[in-house]
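Residue numbers (this note's numbering): 7 to 235.
Yeah, the Cβ is synthetic: ideal placement off N, Cα and C, and Gly gets one too.
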């Protein structure tokens, strides 16, 4: 378990290092600052994940201190894309986005970004080179439904009901090849349910996996004081 958790923490650190190394070699101040901002955002999300890992590993019931606001889901998606795109390019995985316009959700932006990034990162990790990843989001029955679909190795029927269990790994062979802590999906489920939504998965071994989650829809972005004047 400890070695798996260590891997879970090292992977985002590698991403942060990549952004910093690119920034160090960038002569354009504006581009350099953008890379550093992405690294800082990754650090913030990593801090959240570390705390979640500690509490999950200790078996504590987590009372998330969520900060709800009306958020444009497009902003969450763009942040997640910036984090996973370098990894997708290395594996030659094509990412397709199908996003309805004006999708506002009532959510904690950092926590929801963690969930989407985790699902997209998993999809890339378990998809062979040259595969595809699709992210779709639409309004449905007062919620925003998000779908993360890949063409990866898939999940067997007997493991589908266990996929959100703490420290669950599909099998030893898969664990050795792909690594991971087995807590990321447990954390994600906790976050989504604290938002009043649901998360579930559909998959068939050898035919890819699709994760779904729902988040309460917000009517529109809350206007700031400056926008009223």
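| request: To the nearest angstrom, report how far apart residue 150 and residue 191 are at their CA atoms. | output: 19 angstroms
| field | Proximal residues to residue 4 (C-beta, below 7 angstroms), its chain only, five neighbours per side dropped | value | Because the chain spans 7 through 235 in this model, residue 4 falls outside it and cannot be assessed.
| said: Helix, strand or coil, according to DSSP, for residue 209 in the structure here? | reply: strand
| Tell me the DSSP bridge mates of residue 216? | 155 and 208
| query | Using the beta-carbon count (16 or more within 10 Å), is residue 196 buried or exposed? | reply | buried
| task | Identify, in the order they occur along the chain, each residue of the same chain with its Cβ nearer than 6 angstroms to the Cβ of residue 162, setting aside the five sequence neighbours on each side. | result | 211
| task | Note down the Cα distance separating residue 153 from residue 102, rounded to an integer number of angstroms. | result | 12 angstroms
| query | Does the Cβ of residue 209 have 16 or more other Cβ atoms within 10 Å, making it buried, or fewer, making it exposed? | reply | buried
| field | Coarse secondary structure for residue 99, derived from DSSP in three states | value | coil
| message | Output needed for residue 80: all residues of its chain with C-beta closer than 8 angstroms, excluding positions within five of it in sequence on either side, in chain order. | response | 105 and 109
| request: Using 10 angstroms around the beta-carbon of residue 85, count the other beta-carbons present and answer buried if the total reaches 16, otherwise exposed. | output: buried
| request: Output the boundary residues of the beta strand (DSSP E) element that contains residue 121. | output: Residue 121 -> not in any beta strand (DSSP E); alpha helix (DSSP H) instead, spanning 115-131.
| Under 7 angstroms between C-beta atoms of residue 96 and residue 217 | no
| said: Here's the rule: buried if 16 or more other CB atoms are within 10 angstroms of the residue's CB, otherwise exposed. What is residue 136? | reply: exposed
| query | Do you know how far the Cα of residue 31 is from the Cα of residue 206? | reply | 42 angstroms
| query | Taking the DSSP output, what are the residues bridged to residue 149? | reply | 146 and 222
| Between the beta-carbon of residue 198 and the beta-carbon of residue 219, is there less than 7 angstroms? | yes
| said: One question on the structure: do residue 123 and residue 82 come within less than 7 angstroms of each other, judged by their Cβ atoms? | reply: no
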